[in-house]
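Below is one structure; the comments refer to it alone.
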Amino acid sequence: MLDREGFRPNVGIVLLNARNQVFWGKRLRTHSWQFPQGGIKYGETPEQAMFRELHEEVGLRPEHVKVLARTRDWLRYEVPDHYIRRDARGHYKGQKQIWFLLKLLGRDSDMNLRATDHPEFDAWRWNDYWVPLDMVIEFKRDVYQMALTELARFLPRANPHNRYLRAGMRSHQRHEEPSETSSLPPPANPGSRA
């Protein structure tokens with residue numbers, strides 16, 4: 001299902017663990033790593049497609065995650081011709097995606113890359129939030145930059161209970177310690193990414 005401009009509706013998934021690291025999957029039998037993503041089927045909403053893809057690619061169910069945010073608009077990338085099947089060239093240009101930010105409520109052991117008969121990934125790992133920008137294939141980089149930047153403001157604070165306690169303790173101390181900073185640095189130079 002393509003739109004009039006040749007873009008396939010698709011969802012992208014940024015899955016966080018408790019340390020605000022992101023799930024990073026290795027595509028089956030390749031050396032290519034990416035976020036989970038997949039097409040929106042006819043009649044599906046983006047959220048329905050996201051939950052279906054989450055189960056198909058990562059083995060997680062809705063009760064394993066909490067939806068924190070989604071991108072406001074479609075983010076598009078074009079696929080270079082040499083990655084497009086010959087019979088689709090001229091019609092298919094690339095993907096238009098709605099991206100979702102999810103927090104894992106379950107455990108790592110809840111993930112199952114073999115949840116379906118057609119797995120997408122054969123390995124996975126946790127990465128710091130911005131690392132995928134340097135690792136993703138070039139033609140997806142701009143969309144990853146836009147999605148991660150838009151969704152970054154919805155990142156949960158790490159250990160908010162502990163920060164609250166420490167903040168309360170500081171007010172009773174004579175010499176305050178330097179405040180903590182986020183463990184997630186912004187991209188080195190967001191405007192310079194190709």
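Counted the way the UniProt record's numbering counts, the sequence shown spans residues 1 to 194. Every residue gets a Cβ at the ideal spot worked out from N, C-alpha and C, and that includes glycine.
In this structure V67 does not touch L15 by the C-beta definition: roughly 11 Å separates them, more than the 8 Å allowed.
Put simply, the segment 25-35 does not touch the segment 86-97. Fewer than three CB pairs are less than 8 Å apart. Apart from the 5 residues on each side of it in sequence, H55 sits with its Cβ closer than 7 Å to the Cβ of R61, A115 in its chain, given in chain order. Here E120 really is in contact with R27; their C-beta atoms are around 7 Å apart, less than 8 Å.
Between the segment 121-131 and the segment 17-26, the count of C-beta pairs closer than 8 Å reaches three or more; the two stretches touch. DSSP places P9 in the uninterrupted beta strand (DSSP E) bounded by 7-16. Relative to D108, the option among F100, R125, L101 whose CA is nearest is R125.
About 17 Å separates the beta carbons of F7 and R72, which is beyond the 8 Å limit, so they are not a contact pair. A direct Cα-to-Cα measurement between Q48 and K41 gives close to 9 Å. A direct Cα-to-Cα measurement between I98 and Y144 gives close to 11 Å.
Going by DSSP, V58 is part of no beta strand (DSSP E) but of the alpha helix (DSSP H) stretching over 46-58.
Taking the Cα positions, L104 is about 5 Å away from V65.
DSSP places A123 in the uninterrupted beta strand (DSSP E) bounded by 121-127.
E78 has G94 as its beta-bridge partners, per DSSP. Sequence-distant partners of E78 (beyond 5 residues in either direction) whose C-beta falls short of 8 Å from its own C-beta, in its chain, are K93, G94, F139. In the DSSP secondary-structure assignment, F139 is not bridged to any residue.
Looking only at L133, G43, W24, L148, the smallest Cα-Cα distance to P9 is reached by G43.
Partner residues in the beta bridge of F23, as assigned by DSSP, are W126.
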